[in-house]
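Peer 1: Residue numbers (my numbering), protein chains in the order written: chain A, 1 to 337; chain B, 338 to 674.
Built from N, CA and C at the ideal position, the CB exists for glycine as well.
There are 2 protein chains.
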Amino acid sequence: MRRSRVTSFDVAEAAGVSQSTVSRALAGSPSITEETRSRVEAAAAALGYHVDARAARLRSGRTGTMAIVVVGRAGSDPTRVSGFHYALLGSTCAAAAECGYQSLVAFQSDPGEFAWNYVAQGQADGLVVMGTSVNRAAWNDLLATAPQGPVAVWGAPFDDERWVRAENREGAVLAVERLIAAGHKRIGFLGTVDAEHPQFAERYEGYREALVRHGLPVGEPLAVVGDDRVAAGREAVAAMLGAPDPPDAIFAANDAIALGALEALGRTGARVPEEFGVVGFDGLAAGVHSHPPLTTIEPDFAEAGRALVSRICYPDVEPTRRVPVRLIERGSVRPVR
Amino acid sequence: MRRSRVTSFDVAEAAGVSQSTVSRALAGSPSITEETRSRVEAAAAALGYHVDARAARLRSGRTGTMAIVVVGRAGSDPTRVSGFHYALLGSTCAAAAECGYQSLVAFQSDPGEFAWNYVAQGQADGLVVMGTSVNRAAWNDLLATAPQGPVAVWGAPFDDERWVRAENREGAVLAVERLIAAGHKRIGFLGTVDAEHPQFAERYEGYREALVRHGLPVGEPLAVVGDDRVAAGREAVAAMLGAPDPPDAIFAANDAIALGALEALGRTGARVPEEFGVVGFDGLAAGVHSHPPLTTIEPDFAEAGRALVSRICYPDVEPTRRVPVRLIERGSVRPVR
DNA sequence: ATGAAAGCGCTAACAG
DNA sequence: CTGTTAGCGCTTTCAT
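1. Mind checking who R165 (chain A) pairs with in its DSSP beta bridge?
2. Please check if any C-beta of chain B sits within less than 8 Å of the C-beta of T79 (chain A).
3. Excluding five sequence neighbours on each side, which residues of the same chain lie with their C-beta closer than 6 Å to the C-beta of Q433 (chain B)?
4. So if DSSP puts A580 (chain B) in a beta bridge, which residue, or which two residues, is it bridged to?
5. Out of B:F537, B:L596 and B:N505, which one is the CA nearest neighbour of L664 (chain B)?
6. Round the Cβ separation of V609 (chain B) and L599 (chain B) to the nearest angstrom and send it over; I've been treating them as touching at under 8 Å.
7. Go to T295 (chain A), then tell me how far its beta strand (DSSP E) extends in each direction, as first and last residue.
8. Roughly how many angstroms separate the alpha carbons of P292 (chain A) and R342 (chain B), rounded to a whole number?
9. Which two residues bound the contiguous alpha helix (DSSP H) that contains A152 (chain A)?
10. If the cut is a Cβ gap below 7 Å, which residues of chain A does F444 (chain B) touch?
11. Compile a chain-ordered list of the residues in the segment 107-123 of chain A whose CB is closer than 8 Å to at least one CB of chain B.
12. With a threshold of 8 Å between beta-carbons, can S341 (chain B) be considered close to chain A, or not?
13. Just to check my reading of the structure: R334 (chain A) and A182 (chain A) have Cβ atoms closer than 8 Å, yes? What is that Cβ distance to the nearest angstrom?
14. Give the list of continuous alpha helix (DSSP H) stretches no shorter than 4 residues that lie fully inside the segment 38-101 of chain A.
15. Where does P558 (chain B) fall in DSSP's three states?
16. Relative to the alpha-carbon of G420 (chain B), which residue among B:M467, B:Y455 and B:A411 has its alpha-carbon at the smallest distance?
17. Are the C-beta atoms of L259 (chain A) and some chain B residue less than 8 Å apart?
18. What are the partner residues of Q445 (chain B), as DSSP defines its beta bridges?
19. Which residues does DSSP list as the beta-bridge partners of I524 (chain B)?
20. Tell me which same chain residues have a C-beta within less than 8 Å of the C-beta of D255 (chain A), skipping the five on either side of it?
21. Looking at V406 (chain B) and W476 (chain B), is the spacing between their C-beta atoms short of 8 Å?
22. Determine the contact status of A264 (chain A) and A238 (chain A), defining contact as a CB-CB distance below 8 Å.
23. Let me know the secondary structure DSSP gives S103 (chain A) once reduced to three states.
24. Counting only beta-carbon separations shorter than 8 Å, does M1 (chain A) have a partner in chain B?
25. When burial is assigned at 16 or more other CB atoms within 10 Å of the CB, is G563 (chain B) buried or exposed?
26. Just how far apart, CA to CA, sit G528 (chain B) and A512 (chain B)?
27. Is L599 (chain B) helix, strand or coil when you go by DSSP?
28. Which whole-angstrom value is the C-beta distance of G389 (chain A) and T132 (chain A), which I expect to be below 8 Å?
29. Whole angstroms is fine: what's the gap from M1 (chain A)'s alpha carbon to T7 (chain A)'s?
30. In three-state DSSP terms, what is V134 (chain A)?
31. List, in order along the chain, the chain A residues whose C-beta lies closer than 9 Å to that of T400 (chain B)?
32. Using 8 Å as the limit for Cβ to Cβ distance, is A238 (chain A) near chain B?
33. Looking at P78 (chain A): is its Cβ nearer than 8 Å to the Cβ of F107 (chain A)?
34. Shortest alpha-carbon distance to D248 (chain A) belongs to which of A:Y204, A:S60, A:H184 and A:R311?
35. Could you check the C-alpha separation between A270 (chain A) and R178 (chain A) for me, to the nearest Å?
36. Can you find a CB in chain B that lies within less than 8 Å of the CB of L174 (chain A)?
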């Protein structure tokens with residue numbers, strides 16, 4: 001006859017204390033003698049006891065869990081989520097663990113699977129949403145639902161008080177100054193700049209700022225069309241090179257676009273980095289193996305995870321909204337002379 | 338004065354039914370009139386009521402949650418988890434959602450953070466573990482802990498009854514036959530084959546089988562050393578090319594090794610794919626942007642996720658252990674003449 | 001520093 | 001088909 005679940009009462013009996021003492025001892029309450037605590041811990045270990053999270057959560061009202069939603073492109077499966085968002089997801093889970101939180105993760109891309117009310121359902125204490133800005137339906141649904149509890153957002157195509165972002169402007173300045181240092185004079189910007197792409201707009205701002213500061217011509221942003229950024233980058237580069245007075249370097253609004261650009265450049269026979277420079281943004285792992293390897297601006301992922309998570313773990317402290325970035329030298333810009 | 342949480346009693350009162358009817362109606366019990374159900378649903382919506390998962394879980398004993406642990410390399414952060422495991426993680430979360438399960442995910446790489454007893458703690462109904470086989474400490478810890486509840490495993494360096502794997506042998510046959518079709522005669526195998534690498538051993542088996550079948554010479558597996566597979570692949574290829582009678586094509590045990598090999602090959606000036614063929618295994622996204630793009634064997638990720646998850650959702654049905662694979666033609670093998 | 005008692009909000013067994 | 005009732009196992013007052 002199999003005994004039912006070991007409860008804190010069983011441990012209490014074995015340790016010769018009350019059930020509430022067991023609870024306190026195992027929860028690390030300071031008002032428990034070290035001696036009592038170790039007796040309780042020994043009894044718990046002997047019986048193979050584990051606090052039942054279901055009961056603890058019901059009673060305390062907290063869940064110790066963070067809901068993390070990764071928004072993908074409409075109609076696509078999680079396999080095709082960008083490496084950037086995977087890295088950010090990983091860092092966010094790690095940051096949550098640092099705060100003693102678990103991570104409930106959901107990949108959502110299509111209407112019908114959108115769900116944000118994890119807090120209302122008692123599944124989590126807060127919500128982190130990250131993903132591609134191109135999925136308007138998802139972001140609109142998030143806006144319309146107005147989930148309760150603390151929320152932190154990365155990648156939304158709108159400005160509100162909940163976002164966390166990379167230092168996009170500063171990163172763009174780094175990128176462009178690197179190209180300038182390599183001797184490039186006509187530097188183009190690859191990326192759509194409009195209200196739907198606030199991150200790209202910030203990067204364009206930094207691009208402009210750096211060029212103006214150095215007295216170099218500022219190009220119009222060359223819009224990339226389509227949700228497939230790589231393909232978009234490929235096509236945009238073709239358009240750019242076909243125009244009169246083409247650039248001799250480009251700063252791409254992100255690595256996916258830059259990777260597409262690199263491909264197209266390779267096909268036209270442009271010599272990168274000897275004659276043509278390329279810098280991306282995001283720190284994509286795929287850029288390590290591209291030809292040539294992609295020089296890029298990488299946000300500090302660990303800090304990004306912490307910034308997102310701290311809005312939920314520490315809702316009362318002033319939130320960090322900007323995450324520092326750094327230049328990763330790989331091989332798509334020639335060495336500084 | 339803020340009212341406390343809306344409960345099923347409030348909904349019951351508003352709908353003029355008993356509390357248990359509310360519970361049944363919202364849980365989709367078939368023994369509820371459609372008329373009653375819609376009245377309850379209307380009341381619930383009007384009050385903004387959501388079933389409290391904490392209470393439901395305590396009472397029912399189930400959690401509707403799957404714990405997914407991603408094992409990384411010792412001392413590394415989640416940012417450096419392989420793209421393969423990210424894709425598998427995504428597919429597993431998606432498969433869990435298909436079964437109506439939530440996914441609690443944890444990245445673990447170092448002793449001190451290992452935790453497998455999610456079921457004992459009432460956090461999940463089962464456990465999926467995936468990750469790199471090189472982290473012996475983690476896998477040993479898993480073995481030693483023997484967590485309760487259903488468990489499914491991908492990537493462990495040992496054989497037991499819980500693993501799920503790709504059709505490694507069949508995939509290797511596909512890879513090697515593709516190289517043979519391209520006219521290659523001396524095909525090498527890049528990867529360590531020993532008890533710690535059961536997946537590589539299976540791939541070597543398929544490699545051997547295909548070559549024997551076609552009457553071609555079977556090479557010894559060329560061990561790759563170090564946990565960084567890319568670097569290992571780079572070095573192994575150098576060794577292979579330095580040996581007498583070097584191969585004119587290689588099948589790498591996985592894409593990371595193949596990517597390293599491609600790099601080293603490029604540096605030595607070998608012309609891939611015109612004179613030298615390379616095929617990898619895993620379907621890594623980074624292989625899309627390598628030079629040349631990497632031809633590879635890709636497991637069906639969606640099926641992999643389902644196979645893992647079904648061990649937890651449907652513990653009574655005969656589990657699927659093998660996941661089908663397919664050849665992804667990219668560009669590292671020349672066209673069939 | 002510890003014990004006694006209450007009750008979190010729900011599901012499920014049992015009636016009717 | 002619906003109502004009544006009894007807990008699930010814990011955390012947290014309130015005592016002592």
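Peer 2: Reading off the structure:
1. Counting from 1 along the first sequence, the entry for residue 165 (chain A) is found at position 165. For R165 (chain A), which the question treats as bridged, DSSP gives the partners A:R322.
2. Here the question's residue 79 (chain A) lines up with position 79 in the first sequence. True, the Cβ-Cβ gap to chain B drops below 8 Å.
3. Taking the second sequence and counting its residues from 1, one reaches residue 433 (chain B) at position 96. Position check: residue 433 (chain B) holds Ala in this sequence, whereas Gln was assumed. The answer, listed in chain order, is M403, S440 and V646.
4. Walking along the second sequence from the start, residue 580 (chain B) turns up at place 243. According to DSSP, A580 (chain B) bridges with nothing at all.
5. Working through the second sequence from its first residue, we reach residue 664 (chain B) at position 327. Per the Cα distances, B:N505.
6. On the second sequence, position 272 is the one that residue 609 (chain B) refers to. On the second sequence, position 262 is the one that residue 599 (chain B) refers to. The pair is a contact, with the Cβ atoms about 7 Å apart (cut-off 8 Å).
7. Counting from 1 along the first sequence, the entry for residue 295 (chain A) is found at position 295. Its beta strand (DSSP E) spans residues T295 to P299.
8. If you number the first sequence from 1, residue 292 (chain A) lands on position 292. If you number the second sequence from 1, residue 342 (chain B) lands on position 5. Approximately 58 Å, taken between the alpha carbons.
9. Along the first sequence, one-based indexing puts residue 152 (chain A) at 152. Here A152 (chain A) belongs to no alpha helix (DSSP H); instead the beta strand (DSSP E) covers V151 to W154.
10. In the second sequence, counting from the first residue as 1, residue 444 (chain B) sits at position 107. Those within 7 Å of F444 (chain B) in chain A are G90, C93 and A94.
11. F107, E113, N117, A120, Q121, G122 and Q123
12. Taking the first residue of the second sequence as position 1, residue 341 (chain B) is located at position 4. S341 (chain B) does not count as touching chain A.
13. Locating residue 334 (chain A) in the first sequence gives position 334, where the first residue counts as 1. Locating residue 182 (chain A) in the first sequence gives position 182, where the first residue counts as 1. Right, the Cβ-Cβ distance comes to about 5 Å (below 8 Å), so this counts as a contact.
14. 53-60 and 83-98
15. Your numbering for residue 558 (chain B) matches position 221 in the second sequence. The answer is strand: DSSP assigns P558 (chain B) an E or B state.
16. Within the second sequence, the letter at position 83 stands for residue 420 (chain B). Of the candidates B:M467, B:Y455 and B:A411, the one whose C-alpha sits nearest the C-alpha of G420 (chain B) is B:M467.
17. Against the first sequence, residue 259 (chain A) aligns to sequence position 259. Answer yes: the Cβ-Cβ gap between L259 (chain A) and chain B drops below 8 Å somewhere.
18. Numbered from 1 along the second sequence, position 108 holds the residue referred to as residue 445 (chain B). Answer by DSSP bridge pairing, in chain order: B:V408.
19. Counted from its first residue, the second sequence places residue 524 (chain B) at position 187. DSSP output for I524 (chain B) lists B:A586 as bridge partner(s).
20. Along the first sequence, read from residue 1 onward, the residue named residue 255 (chain A) stands at position 255. Excluding sequence neighbours, D255 (chain A) sits near F84, G280, F281, D282, G283, L284, A286, G287, L294 and T296.
21. In the second sequence, counting from the first residue as 1, residue 476 (chain B) sits at position 139. In the second sequence, counting from the first residue as 1, residue 406 (chain B) sits at position 69. For W476 (chain B) and V406 (chain B), no; Cβs fall outside 8 Å.
22. Residue numbering aside, residue 264 (chain A) sits at position 264 when the first sequence is read from its first letter. Residue numbering aside, residue 238 (chain A) sits at position 238 when the first sequence is read from its first letter. Yes, Cβ-Cβ distance for A264 (chain A) and A238 (chain A) is below 8 Å.
23. What you label residue 103 (chain A) is simply residue 103 of the first sequence in a count that begins at 1. Note: S103 (chain A) maps to strand in three-state DSSP.
24. The residue you call residue 1 (chain A) lines up with position 1 of the first sequence. Confidence at M1 (chain A) is low in this model, with a pLDDT of 34, below 50, so the placement of that residue is unreliable and no value is reported for it.
25. Looking up residue 563 (chain B) in the second sequence gives position 226. By the neighbour-count rule (16 or more Cβ atoms within 10 Å), G563 (chain B) is not buried but exposed.
26. On the second sequence, position 191 is the one that residue 528 (chain B) refers to. On the second sequence, position 175 is the one that residue 512 (chain B) refers to. Cα to Cα, the separation comes out at about 14 Å.
27. To locate residue 599 (chain B), count along the second sequence from 1; it is residue 262. Helix.
28. With chain A represented from 1 up to 337, any question about residue 389 (chain A) goes unanswered, as that position is not in the structure.
29. Against the first sequence, residue 1 (chain A) aligns to sequence position 1. Against the first sequence, residue 7 (chain A) aligns to sequence position 7. Only weak support is given to the placement of M1 (chain A): the predicted model assigns it a pLDDT of 34, under 50, and the value that follows is read from those uncertain coordinates. Spanning the two alpha carbons is a distance of roughly 17 Å.
30. Indexing the first sequence from 1 puts residue 134 (chain A) at position 134. The answer is coil: DSSP assigns V134 (chain A) none of H, G, I, E or B.
31. Position 63 of the second sequence, counted from the start, is the residue given in the question as residue 400 (chain B). The contacting residues are A53 and R54.
32. In the first sequence, residue 238 (chain A) corresponds to position 238, counting from 1. So, not an interface residue.
33. One-based indexing of the first sequence puts residue 78 (chain A) at position 78. One-based indexing of the first sequence puts residue 107 (chain A) at position 107. Yes; because the gap between Cβ atoms is below 8 Å, this pair is in contact.
34. The residue you call residue 248 (chain A) lines up with position 248 of the first sequence. Out of A:Y204, A:S60, A:H184 and A:R311, A:H184 has the C-alpha closest to the C-alpha of D248 (chain A).
35. The residue labelled residue 270 (chain A) in the question sits at position 270 within the first sequence. The residue labelled residue 178 (chain A) in the question sits at position 178 within the first sequence. Taking the straight line from one Cα to the other gives about 19 Å.
36. Here the question's residue 174 (chain A) lines up with position 174 in the first sequence. It does not; no Cβ of chain B falls within 8 Å.
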